[in-house]
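Q:
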Amino acid sequence: MSKINLLLVDDEEQFLSTTKKLFEKRGMNTSTATNGADALKIMGQQPIDVVLLDVKMPKMTGIEALLKIKEEYPLVEVILITGVNTIESVMEALRPGVFDYVMKPCDIISMSRKVEEAYEKKQAMEKRAAT
Amino acid sequence: MVSDRFKRIRRMILRRALLAPFIIIMIVCGTLVYYFSVDLRDNVTCRLTCMANDHRRLIEQFLKERSFDLQCATNSNSFNELTHDGRLTEVLAQLQEGSHAFLDLGVFDKDGNHVAYVGPYNLKGKNYAETKWFSAVRKKSPYISDVFLGYRDTPHFIIAVRRGEGDGTWYLRATIDTFYFNDLVENVRIRKTGEAYIVNHEGVFQTRRRSGGAFMELDPDSNLYRIDNKTDVSFFSASNQEGERYLYAAGLLPQTGWVLVVRQEFSEAYAPLISAVIIAVVLIICGGAVVVIMAFILASGVANRLTIADMEKQEISTQLIMAGKLAEVGEMSAGVAHEINNPLQIMESERTMLNDILEEIETGHGVLDEENMSLLNDSVEQIAVQINRCKLITHGLLKFARKSEPLFQAVDLKQFTQEVVSMIEREAELENIRIVQKFDADLPKIMADPNQFQQVLLNLLNNAIDALKAKHGGEIRVTSVRQDDSIAISVADNGCGIPTDKMEKIFLPFYTTKPVGQGTGLGLSTCYGIVERMGGKISVNSELNVGTAFTVWLPLAENNDIEKAGK
């Protein structure tokens, strides 16, 4: 299996730096962005398979970013990180285009498992699209 | 403290609502009793005086008539006629037909010899030249004498008339029946002790006095009489030697120089008056006492209710502030949870990092080299940092939620506002809201309870954030400026604004435009209460779709009354 290209989008710098190290230890190419705009920029520069997207972010909200990503890169899977356990968040999480959600605080093991599942789904979709 | 407030309220009710009417009624009653008693007293005076006057006139009239009768008899007969043939007896009979007061009759010559006499005594032939009455009647006719004993040795008085006939002078004298006259005078009765009698100008009794006083005795109290010759009857009161007090009405009998005295025992005269006044006063006092007692009961009852209501209000007010606080806390908790989740997430990552490195070392895939050591240290340090961050968040929330008595202290607005803003900064950031803070240079400190003022600011800021949630380019401006002797702190947003018809309601408790479950409506009403208690004012300015600005005025630290800290 080739390396998964992961993009972490969260407004907490500390979270990004530490989590990036952990994912890289687990063999994933990890890029980081602190906001939706930067995330899209990075996705334009390099291939990204899965995006871990924080819902509550300043400037462009997570949901806006999600819509934009799905618009421009429909095959990329997005996993939402929600920090607030509200029904609205869950509903938003179940929107089409979202693969799954993780709730803060989340341990790295669960997160990486979901990323792998998302990657598998992406592979499957790409195969179907190719045929 | 409770009984203080109770006493104060009761005193206020008594003083304002009851004291004035009570005093007025007492004055009215007092005035009525006074005039009533004055009237009664006048009554007594009048009665005695009138009686004395009437009686005086009666006696005077009697004496005049008897004198006149005698004068007639003198003028209708000559000396010779009267001294002969029993004419005198006829004349006496005639006189007695007119009045039974005539007791005897006598004729006297110019030398005072009793030349003719008809009557019960043996007086004919006696000479009266030396007698007082004879000397007097020679000068003045008719003459009425005082009571004297005379030859007959019995108390009597006479009327004498002089007649000049030709060259000679002769006199006709009649004795007035003392008992008849006495009855006439004495026959006046007022109750038990009222009596009438006559004394002469020296105070010698001319008639008997019922309560003690015989003919020709000197009235021991006569020196007490105050006779005013100008008026008909003089009215006075005096105490005699035994200490008994009497009311007197005395009038002059001009013909004789006698004084007719009507008197009554003081206590008897005024008995009805005194008993009436006493009854009235007792009734007033009893009535007054009942009114006072009722007033006290009423005032106590009302004061009690008011005190209880006061205390309940105080209690409710405190509870309301607490409820508002907790509601605020509840609303903030979502934000707070998010705030805490971030440090938790980071700590989780660091923990995983530590775990990974340790696993590597244990399984032999890695060594405890400098790089790994540094990574381990970094992680541990990062965990400490995040724990501290969580501590700040929880402490901030707990401090806010804690119930406490207002504690006034000098607050530096700039620092204070910055601290409070930092509490909601993150949430504002998430909603893309910009917060601008502006402070006057050299802003003086204000006297406030930091906890409660924090509650106010937080509420205003939260409201502003809510108003800007859906908007792009939302901005909140927090400014503090000095205005005369207060400071104006304003929180302004460029949000949806408040419609005019809702403006007056926003400070009402439980008024909210948010959907159920999202807003208790207690925020602004609590703010209002807190600001008022701090001696300040809160007001709002808003325009639909333009923005809203809430302004709080608080007095400066120097001017504020520090005693308010106890409220």
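In the order they appear, the protein sequences are chains A and B. First residue of the first sequence? That's 114 in the working numbering, and the numbers climb one at a time after it. First residue of the second sequence? That's 870 in the working numbering, and the numbers climb one at a time after it. Every residue gets a Cβ at the ideal spot worked out from N, C-alpha and C, and that includes glycine. In this text, all values refer to a predicted model and were calculated from it rather than measured experimentally.
For M1292 (chain B), count the other beta carbons within 10 Å of its own beta carbon; 16 or more makes it buried, fewer makes it exposed. Which is it?
A: Buried.
Q: Starting from G1392 (chain B), follow the alpha helix (DSSP H) in both directions and report where the run begins and ends.
A: Taken as a continuous stretch (DSSP letters only), the alpha helix (DSSP H) holding G1392 (chain B) covers G1392 to R1402.
Q: Assess, as a yes-or-no matter, whether the stretch 178-189 of chain A is touched by the stretch 1177-1191 of chain B under the definition of 3 or more beta carbon pairs within less than 8 Å.
A: No, the stretch 1177-1191 of chain B is not in contact with the stretch 178-189 of chain A.
Q: Helix, strand or coil: which one does DSSP assign to I182 (chain A)?
A: DSSP places I182 (chain A) in helix when its eight states are reduced to three.
Q: Note down, in chain order, every chain A residue with its Cβ under 7 Å from the Cβ of T1221 (chain B).
A: Per Cβ cutoff of 7 Å: L135, D220 and I221.
Q: Quick one: is H1025 (chain B) buried, meaning 16 or more other Cβ sit within 10 Å of its Cβ, or exposed?
A: So H1025 (chain B) counts as buried.
Q: Look at the alpha carbon of I176 (chain A) and the alpha carbon of V211 (chain A), and state the distance between them as a whole number of angstroms.
A: Roughly 10 Å between the two C-alpha positions.
Q: Can at least three beta-carbon pairs, one atom from the stretch 1006-1026 of chain B and one from the stretch 935-947 of chain B, be found at a separation below 8 Å?
A: Counting Cβ pairs under 8 Å, three or more are found: they touch.
Q: Give a yes or no on whether 8 Å exceeds the smallest Cβ distance from I1215 (chain B) to chain D.
A: Of the chains in the structure shown, none is chain D; the protein chains are A and B.
Q: Are A1357 (chain B) and I1345 (chain B) touching if we call contact CB-CB under 8 Å?
A: Not a contact, by the Cβ cut-off of 8 Å.
Q: On the DSSP bridge list, what partners appear for P1424 (chain B)?
A: Paired residues: B:S1355.
Q: Would E125 (chain A) pass as an interface residue toward chain B - the criterion being a Cβ-Cβ separation below 8 Å?
A: For E125 (chain A), the answer is yes, since a Cβ of chain B falls inside 8 Å of its Cβ.
Q: Alpha carbon to alpha carbon, how far is R1031 (chain B) from V1006 (chain B)?
A: Distance between the alpha carbons of R1031 (chain B) and V1006 (chain B): 7 Å.
Q: Is the shortest distance between the beta-carbon of S1411 (chain B) and the beta-carbons of chain A less than 8 Å?
A: It does not: the Cβ of S1411 (chain B) has no partner Cβ on chain A nearer than 8 Å.
Q: Check whether the stretch 1161-1170 of chain B touches the stretch 874-892 of chain B, taking contact to mean three or more Cβ pairs, one atom from each stretch, closer than 8 Å.
A: Contact between the stretch 1161-1170 of chain B and the stretch 874-892 of chain B is present, because at least three Cβ pairs lie under 8 Å.
Q: What number of angstroms, rounded off, separates the C-alpha of R1079 (chain B) from the C-alpha of N1056 (chain B)?
A: Between R1079 (chain B) and N1056 (chain B), the C-alpha separation is close to 10 Å.
Q: With S1248 (chain B) and E1219 (chain B) assumed to form a contact (beta carbons below 8 Å), what rounded beta-carbon distance in angstroms separates them?
A: That pair is a contact at about 4 Å.
Q: For a test of the three-state rule: what should DSSP assign to Q1133 (chain B), helix, strand or coil?
A: Looking at Q1133 (chain B) - three-state DSSP - the assignment turns out to be strand.
Q: Going residue by residue through the stretch 1300-1380 of chain B, where are the continuous alpha helix (DSSP H) segments of at least 4 residues, counting only ones entirely within it?
A: Fully enclosed alpha helix (DSSP H) runs of 4 or longer: 1319-1337 and 1369-1372.
Q: Count the other CB atoms within 10 Å of the CB of C1365 (chain B); is the residue buried (16 or more) or exposed (fewer)?
A: Classification of C1365 (chain B): buried, given that the 10 Å Cβ count is 16 or more.
Q: Spell out the partners DSSP gives M216 (chain A) in its beta bridges.
A: Looking at the DSSP assignment, M216 (chain A) forms a beta bridge with A:T195.
Q: Could you check the C-alpha separation between R811 (chain B) and G1193 (chain B) for me, to the nearest Å?
A: Chain B is shown from 870 up to 1436; residue 811 (chain B) falls before or after that span and cannot be answered.
Q: Got a sec? Which residues, its chain only, sit under 6 Å from L193 (chain A) by beta carbon, not counting five neighbours each side?
A: Once the five neighbours on either side are set aside, the close Cβ partners of L193 (chain A) are L166, V168, A206, V211 and Y214.
Q: Taking buried to mean at least 16 other C-beta atoms within 10 Å of its own C-beta, is D1335 (chain B) buried or exposed?
A: So D1335 (chain B) ends up on the buried side.
Q: With DSSP as the reference, identify every bridge partner of A1418 (chain B), one or two as the case may be.
A: Bridge partners of A1418 (chain B): B:A1361 and B:N1410.
Q: Rounded to the nearest angstrom, what separates L972 (chain B) and T1000 (chain B) at their Cα positions?
A: Approximately 20 Å between the Cα atoms of the pair.
Q: Select from B:R926, B:I1148, B:K995 and B:S1004 the residue whose C-alpha is nearest the C-alpha of V1438 (chain B).
A: No statement about residue 1438 (chain B) is possible, as the shown extent of chain B runs from 870 to 1436 and does not include it.
Q: Assuming I117 (chain A) is part of the alpha helix (DSSP H), what are its boundary residues?
A: Per DSSP, I117 (chain A) belongs to no alpha helix (DSSP H); it is in the beta strand (DSSP E), I117 to V122.
Q: Given S947 (chain B), which residues of its chain have a CB within under 8 Å of its CB, disregarding the five upstream and five downstream residues?
A: Contacts found: E1034.
Q: Candidates B:Q1183, B:M1222 and B:C915: which alpha carbon is nearest R1132 (chain B)'s?
A: It is B:C915 whose Cα lies nearest to the Cα of R1132 (chain B).
Q: Where does I1148 (chain B) sit, in a helix, a strand or coil, going by DSSP?
A: In the structure shown, I1148 (chain B) sits in a helix (DSSP, three-state: H, G or I).
Q: Taking the continuous beta strand (DSSP E) assigned at R885 (chain B), which residues delimit it?
A: Premise fails: R885 (chain B) is in no beta strand (DSSP E) and is neither H nor E.
Q: Output, in chain order, the set of chain A residues within a Cβ distance shorter than 9 Å of Q1251 (chain B).
A: Going along chain A in sequence order, the residues near Q1251 (chain B) (Cβ under 9 Å) are Q127 and T131.
Q: Name the chain A residues whose beta carbon is nearer than 8 Å to that of D1353 (chain B)?
A: Result: empty, since nearest Cβ-Cβ is about 40 Å, beyond 8 Å.
Q: At 8 Å on the CB atoms, spell out the chain A contacts of D1225 (chain B), in chain order.
A: L135 and K138, listed in chain order.
Q: Closer than 7 Å by beta-carbon distance: list the chain A residues that pair up with S1218 (chain B), in chain order.
A: Those within 7 Å of S1218 (chain B) in chain A are F128, T131, T132, L135 and I221.
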